[in-house]
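>
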Amino acid sequence: MKRLILGLAICLPALPAVAKDNTTDTKQNTAWTLKLGAARGEVRDGSYNYGTSSAYRMSAEYNPRYLGLEVGVTQGNYSIKKDESLDKALSFAYSGGNAGDYIAYYNFSRGFENREFFRLNYVDIGPTLHLRPGKTIDPYASVGIGIAGSGSYRTYGRLGLRVNMDRTFVYFEGEASSINRHYVQRNWTYHDYNGWVGIGMYLGSMDPSDEVSPNAGRHPVQSEPFAFR
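The sequence shown maps to residues -19 to -1, 1 to 210 in mature numbering (1 follows the signal peptide of the UniProt record, and there is no 0).
Structure, rendered in structure tokens:
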């Protein structure tokens, strides 16, 4: 995940240069898109315990040109490995200094408390900014907020790359999010870093190109046959 973040940091300054393109490889013919994606990443809690995360997303985006709006649903799954120092301290306290009891208490606590697993379902909404809308290669960025049940929510930022085809596309994203989880009358904070890959399709009719040829409406000039006069 650190390599993913480093790669995004290296690529970000080059995005404005990539956006300057005068080619006419237009692939986007409608403003509405439907997207499906999956992600894997790393999650950390406020005590610097870490673990793995996975997520699945279905979203729709309205993007008439450079600025758009994306709405979707995301399921996030989180598995966090807890710090074992607390288990060791409690085991030592309960064992009374007896080595056999210490090992027994420690193994018992590890079996039940060494991982925390939870799942959150979000409704996401946020604006998007496309640097090369309609081109075959389209870098973009987005921010937003995801609302979950029971007072939980998250804020996120994304950097992505879309590869457009005729009516479909594939996309790759790096996402960083801050999660506020309300559980047992407390608020728990997590930081999640994910790499996304997904597919999408354009919805609606394919509008014909509005570009008019510079020679449209002109009649070809016919040269008269050569003759002596």
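The beta-carbon is built from N, C-alpha and C at its ideal position, and this holds for glycine as well. Here the structure is a predicted model, which is why all the values come from computation and not from measurement.
Across the region 21 to 32 and the region 54 to 61, are there enough close Cβ pairs to call them in contact, namely three or more that are closer than 8 angstroms?
Yes, since at least three Cβ pairs between the region 21 to 32 and the region 54 to 61 fall closer than 8 angstroms, the two stretches touch.
> Between Y152 and the rest of its own chain, which residues show a CB-CB distance below 8 angstroms, the 5 nearest in sequence each way excluded?
Taken in chain order, the residues that qualify are K16, G18, G141, L142, R143, V144, W177, V178, G179, I180, G181.
> For R25, which of K63, E51, Y47 has the nearest alpha-carbon?
Closest option to R25, Cα to Cα, is K63.
> What does a CB cutoff of less than 6 angstroms around Y37 pick up in its chain, not counting 5 residues either side in sequence?
Cβ neighbours of Y37 beyond the five flanking positions: A19, Q56.
> Given this structure, state the Cα-to-Cα distance separating S159 from P120, to the nearest angstrom.
Going by the C-alpha atoms only, they are around 23 angstroms apart.
> Using only the alpha-carbon positions, how far apart do Y43 and Y103 sit?
Roughly 19 angstroms between the two C-alpha positions.
> Is it the case that the Cβ atoms of G22 and N161 are separated by a distance below 8 angstroms?
No, they are not a contact pair.
> With G132 as the anchor, note down where its beta strand (DSSP E) starts and where it stops.
Careful: G132 lies outside any beta strand (DSSP E) and carries neither H nor E.
> How far does the beta strand (DSSP E) with D105 in it reach, from first residue to last?
Where D105 is concerned, the enclosing beta strand (DSSP E) stretches over 96 to 111.
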